[in-house]
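In my numbering, the protein residues as written are 1 to 237.
All residues carry an ideal CB built from backbone N, CA and C; glycine is no exception.
These notes are about the structure you will find just below.
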Ligand SMILES: [Zn+2]
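Structural data, given as structure tokens:
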């Protein structure tokens with residue numbers, strides 16, 4: 001299994017690692033440890049390079065399975081046992097961390113106002129969208145949601161990562177903010193992201209340590225996605 005450095009140390013942008021498995025058919029290598037986020041929960045996988053001596057191999061895709069984190073490479077694959085130095089595109093990743101934390105903060109603000117669950121979401125660096133079930137939506141709601149979200153971010157709330165046993169997590173349905181639980185049955189430990197005092201939910205992604213690092217956001221669009229469903233799009237400013 002790959003040690004998932006990104007899971008507990010989101011600010012690590014490079015690592016030394018060893019190739020433990022090579023998949024020539026798919027052009028990918030499994031490493032013993034990684035800072036590369038493999039994607040999930042709406043957050044895209046990290047981009048970056050594996051450096052071996054003077055060679056720099058571009059990581060074009062990152063995925064995970066039961067064996068660990070796979071790094072998909074262009075060109076020749078290093079053999080098992082090779083020592084590599086991995087570096088992620090930090091500017092892009094840090095922007096994704098700020099975006100992801102802003103999305104959770106928006107979940108908290110919408111929950112506090114409407115008690116509405118999230119039904120979907122996605123992000124790219126600096127831009128996010130979330131879908132909510134909000135039957136009683138009024139166009140007038142947009143401005144107060146934006147200003148409340150910016151007020152919450154400006155409080156520099158701490159963002160904490162913790163791990164709960166699955167059976168403990170299952171007793172707290174509020175952790176699963178999506179309408180349909182996305183946790184696979186095989187999961188024995190649930191990672192929880194807590195924006196202290198605002199939002200707490202099961203999540204695998206990478207986040208900033210404080211909402212103050214997000215800066216402020218602007219809601220650029222709200223759309224109806226069918227009766228009672230609302231899509232909110234925002235950008236970091
Ligand atoms: Zn998330």
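For my contact list, residue i and residue j are in at a C-beta cut-off of 8 angstroms; report their separation, rounded to the angstrom.
i	j	result
residue 226	residue 121	With a Cβ gap of about 16 angstroms, residue 226 and residue 121 do not count as contacting.
residue 71	residue 31	6 angstroms
residue 58	residue 49	6 angstroms
residue 133	residue 88	Actually they do not touch by this definition, with Cβ atoms about 35 angstroms apart.
residue 137	residue 230	5 angstroms
residue 249	residue 191	Examination of residue 249 is not possible in this model, given that the chain is present from 1 through 237 alone.
residue 165	residue 189	6 angstroms
Out of the options, which one is the CA nearest neighbour of residue i?
i	options	result
residue 236	199, 230, 213	213
residue 15	5, 23, 24	5
residue 147	22, 209, 220	220
residue 100	34, 61, 23, 153	153
residue 119	8, 68, 176, 54	176
residue 39	49, 7, 17, 18	7
residue 55	86, 45, 69	86
residue 17	33, 11, 25, 3	33
residue 170	187, 47, 161, 156	187
residue 158	126, 196, 144, 173	196
residue 126	98, 114, 61	98
residue 11	1, 94, 145	94
residue 234	107, 9, 91	107
residue 114	68, 90, 141	141
residue 91	9, 13, 25	13
Leaving aside the five residues before and after residue i along the sequence, list all residues of the same chain whose C-beta is less than 6 angstroms from its C-beta, in chain order.
i	result
residue 200	194
residue 51	85
residue 223	231
Within the same chain, show all residues whose beta-carbon is closer than 7 angstroms to that of residue i, passing over the 5 residues directly before and after it, in chain order.
i	result
residue 27	72, 73, 77
residue 22	29, 77, 79, 80
residue 156	210, 211, 212
Please go through the same chain and pick out, in chain order, the residues whose beta-carbon is closer than 8 angstroms to the beta-carbon of residue i, but skip the five residues on each side of it.
i	result
residue 103	42, 121, 123, 128, 130
residue 150	216, 217
residue 63	28, 38, 39, 45, 69, 70, 72
Which residues neighbour ligand 1 when neighbourhood means a C-beta less than 5 angstroms away from any of its non-hydrogen atoms? List them by chain order. 41, 203, 205
Could I get the ranges of all uninterrupted beta strand (DSSP E) runs contained in the stretch 139 to 196, with 3 residues as the minimum, in chain order? 159 to 165, 189 to 195
Which ranges does the beta strand (DSSP E) cover as unbroken runs of at least 3 residues, wholly within the stretch 71 to 144, from first to last along the chain? Listed in chain order, the complete beta strand (DSSP E) runs (minimum 3 residues) inside the stretch 71 to 144 are 83 to 88, 118 to 124, 127 to 133.
For the stretch 6 to 39, which segments carrying the beta strand (DSSP E) assignment without a break, of at least 3 residues, lie completely within its bounds, in sequence order? 14 to 23, 28 to 31
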